[in-house]
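Sequences listed follow chains G and C, in order. Each number in the working numbering corresponds to the 1-based position in the first sequence with 71 added. Each number in the working numbering corresponds to the 1-based position in the second sequence with 6 added. As structure tokens, the structure follows; a few thoughts come after it.
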Amino acid sequence: MYSNPKVAGFVNENFLPVRVHVKDQAGDFKRLGERFNAQWTPTVLLVDSNGDERHRIEGFLPVDDFLPQLELGAAHSAFARRDFADAERRFRAIVDTHAKSDVAAEALYWAGVSRYKANGDPAALKDTARAFSANYSESTWARKASVWAA
Amino acid sequence: MTAQPQRISWTNNFEDALARARNEHRTVLLDFTAAPM
């Protein structure tokens, strides 16, 4: 996964990458694995500057699934640090670039929430509910957004 | 000249990376792996 140029570029640009090998660094794995409850490999965690986990990817994923997961994690990290404009930009980029990925519906949902958090305008949520009527209407995220439609 | 493929600049020190993340307001990617390195 990490040898893919898009993945490598995104990781270098957006994260401080740390790799812990379960056998070669058994002590580190025991300590950090217990801290973050990692019991399987591969497990990829996105950890914010406070040491709090913001996103978790467990198990192997092909590049076309892994990259949107990383992008989703970066967007959630921006949301967590209350940079809602950056979060919305990142969530919408996932919808635009990875429209068929498993995380696109989640990204659409949180893009709407990010816009609402940035400007306080309930229209952001209503527009998001409307967008779900056109796309991802069978997703759990569409059902979550349905409460905003009224 | 052909551009070299980009490689990830891994470290294996989580605490150092977290300290840097605090200073630079960035996010740490922590990868637990069993793959050959």
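Don't be surprised by glycine CBs; every beta carbon is placed ideally from N, CA and C.
Neighbours of Arg152 of chain G in chain C, taken as residues whose beta carbon is under 8 Å from its own, are His31 in chain order.
Looking from the CA of Leu116 of chain G, the closest CA among C:Leu24, C:Phe20, C:Arg28, C:Leu35 belongs to C:Leu35.
Cα atoms of Val82 of chain G and Pro88 of chain G: separation of roughly 7 Å, rounded to the nearest angstrom. With a cut-off of 8 Å on Cβ pairs, the stretch 165-181 of chain G is not in contact with the stretch 97-110 of chain G, counting fewer than three such pairs. For Arg13 of chain C and Leu138 of chain G, the gap between their C-alpha atoms comes out near 15 Å. In this structure, Thr39 of chain C sits away from Pro133 of chain G, with a CB-CB distance that is not shorter than 8 Å. Taking Phe155 of chain G as the centre and dropping the five residues before and after it, the same chain places the C-beta of Ser185, Lys188, Ala189 closer than 6 Å to its C-beta, in chain order.
Listed along chain C are Asn18, each with a C-beta nearer than 8 Å to that of Gln96 of chain G. Per DSSP, reduced to three states, the secondary structure at His92 of chain G is strand.
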